[in-house]
Amino acid sequence: MKEDCIFCKIANGMISSTTIYENSDFKVILDVSPASKGHTLILPKEHFDNIFDMDADTAGKLFSLAAAVARALKQATNCDGMNIVQNNGEIAGQTVFHFHMHLIPRYEGDQVQVTWNPGTATQEELNEIAAAVKKEL
Ligand code: 5GP
Ligand code: ZN
Numbered sequence: 002m003k004e005d006c007i008f009c010k011i012a013n014g015m016i017s018s019t020t021i022y023e024n025s026d027f028k029v030i031l032d033v034s035p036a037s038k039g040h041t042l043i044l045p046k047e048h049f050d051n052i053f054d055m056d057a058d059t060a061g062k063l064f065s066l067a068a069a070v071a072r073a074l075k076q077a078t079n080c081d082g083m084n085i086v087q088n089n090g091e092i093a094g095q096t097v098f099h100f101h102m103h104l105i106p107r108y109e110g111d112q113v114q115v116t117w118n119p120g121t122a123t124q125e126e127l128n129e130i131a132a133a134v135k136k137e138l
């Protein structure tokens, strides 16, 4: 628990939330300001600021839970698609600095925006960044 972290308090039941599912590691809640009907957040109970400091075990469990929640949400909402979004750092749009994954059901004709403009890169630039990342893995 990190002091003054609202998602620590929600994930550990000290602040109420509309909860879909809970186990010893995660709490799955509805976003209070939903981008669409069924907008869901998966919160680890342990505090991680973001993906960069999450351990591999929690990260693995997270995605298997995300797949189950995504299927349940799809069945429940009859949505046409879904975006899974996870913001890390202010520049990336993170506003609550306790790791959370968004599951945003999408409906034909909705006005939700989760987009970027396609850019360009030379093959040399792609090779360079690929090599730099490979070295770090
Ligand atoms: P971020 O921008 O950090 O990726 O997303 C933060 C999300 O948390 C937003 O979608 C916001 O609506 C949601 N949120 C912020 N405070 C609360 C809260 O107290 N309860 C719930 N359920 N969601 C919250
Ligand atoms: Zn926290």
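The numbering used here puts the first residue of the sequence shown at 2, with every later residue one more than the last.
Backbone N, C-alpha and C fix where the C-beta goes; we use that ideal spot for every residue, glycine too.
Cβ-Cβ distances below 7 Å link I52 to Q87, N89 and F100 in the same chain, with the five nearest sequence neighbours on each side left out; the list follows chain order. Annotation for S37 indicates a beta carbon at 7 Å or more from all heavy atoms of the ligand 5GP. Around the beta-carbon of T123, fewer than 16 other beta-carbon atoms lie within 10 Å, marking it exposed. With respect to the C-alpha of S37, the residue from A93, K28 and G110 having the closest C-alpha is G110. Between the ligand 5GP and the CB of G14, the shortest heavy atom gap is not smaller than 7 Å. In the DSSP assignment, T123 falls outside any alpha helix (DSSP H), carrying neither H nor E.
Assignment of beta-bridge partners to K28 by DSSP yields E23 and L44.
Shown in chain order are the residues whose CB sits closer than 6 Å to a heavy atom of the ligand ZN: K3, C6, F8, C9, H48 and H99.
In the three-state reduction of the DSSP assignment, L104 falls in the strand class, which pools E and B. DSSP places I16 in the coil class of the three-state scheme, outside both helix and strand. H48 is a Cβ neighbour of C9, given a cutoff of 8 Å. Between I11 and E126, the alpha-carbon positions lie close to 43 Å from each other. Taking 7 Å as the cut-off, one finds no heavy atom of the ligand 5GP near enough to the beta carbon of V70.
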